[in-house]
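Comments concern the structure below.
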Amino acid sequence: MKKNLKALSVLLLGTAILAAGCGAKSAGNESSGAGTNTPASNASGNAGGSAAKSWSKKPDMAIDTSKTYQAVVTTTDGEFTIDLFAKDAPETVNSFVFLARQNFFDGIVFHRIIQDFMIQTGDPTGTGAGGPGYTIPDELDNGHAYKKGVVAMANTGQADTGGSQFFIGTGPSVEGLSQLPNYTIFGEISGGMDIVDKIAATPVEGNAQGESSKPTRTVSIQSVEIKES
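See the structure below:
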């Protein structure tokens, strides 16, 4: 647990080093949201080399919280589905839906993988320090718990710094984030957990911060389809 919390701290530094948190591991860095790194929102391009879209302010509220939203995420390893918590995290889900409909996530890699903790993506730079150009407010204490299959925002370690980077819990270590619940939970895997597990099993090597979380093969998002009902 202490080890996971430490990783989480590193993740939160991620932007600061892509800081993050999780018991002993961290999960954020929008500079991040998961693990010892945190995701940053000052990206200028995606990992594939094409120009990334950027906005100066968060999107206007466009979702209907009385409706149900799902995100079907197609990756180079297969497809998984996220049930989005529109009622419990409306600002976060609205931003995620907006970015998905703008094809923002297409081509973005999973840049941070810790098998028993989480997999992290959503950074157009692929470094853990990129984002959409804007930040959104935290929506914590929304009734959901950190567990395997949970989907939450990464951040810089500071309040209200989430952007586009998010992580998916892939093992028991993610439960340690309950000791430092600073990452907005906005969804849960409802299908294709085997694909998430496959991504989590990707071999890794040390990253710039010395954390063993840098994938040795490329796994990327091909598309994110939003279903509304």
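So for the sequence shown, my numbering puts the first residue at 1; every next one is plus one. We treat Cβ as the ideally placed atom computed from N, Cα and C, and that holds for glycine.
Relative to the Cα of V219, the nearest Cα in the group Q70, Q102, G122, I63 belongs to G122.
Going by DSSP, I199 is part of the alpha helix (DSSP H) stretching over 193–200. The three-state reading of DSSP puts G176 in helix, counting H, G and I together. The three-state reading of DSSP puts V97 in helix, counting H, G and I together. For G131, the number of other beta carbons within 10 angstroms of its own is at least 16, and it is reported as buried. In the structure shown, E211 falls within a coil segment according to DSSP collapsed to helix, strand and coil. DSSP places D83 in the uninterrupted beta strand (DSSP E) bounded by 78–84. Contact between S95 and P124 fails: their C-beta atoms lie close to 15 Å from each other, not under 8 Å. Here DSSP, grouped into helix, strand and coil, assigns E139 to coil. A direct Cα-Cα distance of roughly 17 Å separates P203 from G78. When secondary structure is reduced to three states using DSSP, T74 falls in the strand class. Nearest to G162 by C-alpha distance, out of I136, I195, T127, is I136. In the DSSP assignment, F166 falls within the unbroken beta strand (DSSP E) covering 166–169.
Taking a C-beta distance under 7 Å as the contact criterion, T184 and A100 do not qualify as a contact pair. With fewer than 16 other Cβ atoms inside 10 Å of its own Cβ, E228 counts as exposed. Bridge pairing for E205: K214 [DSSP]. The beta carbon of P215 sits closer than 7 Å to those of F110, I113, T202, V204, all from its chain and outside the five residues before and after it, given in chain order. In this structure, the beta-carbon distance from G192 to T81 falls below 7 Å.
Assignment of T92 by DSSP, reduced to helix, strand and coil, places it in the helix class. Rounded to whole angstroms, I195 and I119 show a C-alpha spacing of 12 Å. Looking at the backbone, the Cα of G187 and that of V97 are separated by about 12 Å. Secondary structure at F186: strand, using DSSP grouped into helix, strand and coil. Between G169 and K148, the beta carbon gap of about 5 Å places them in contact (Cβ cut-off 8 Å).
When secondary structure is reduced to three states using DSSP, I113 falls in the strand class.
Straight through space, the alpha carbons of F104 and Q222 are spaced by roughly 10 Å.
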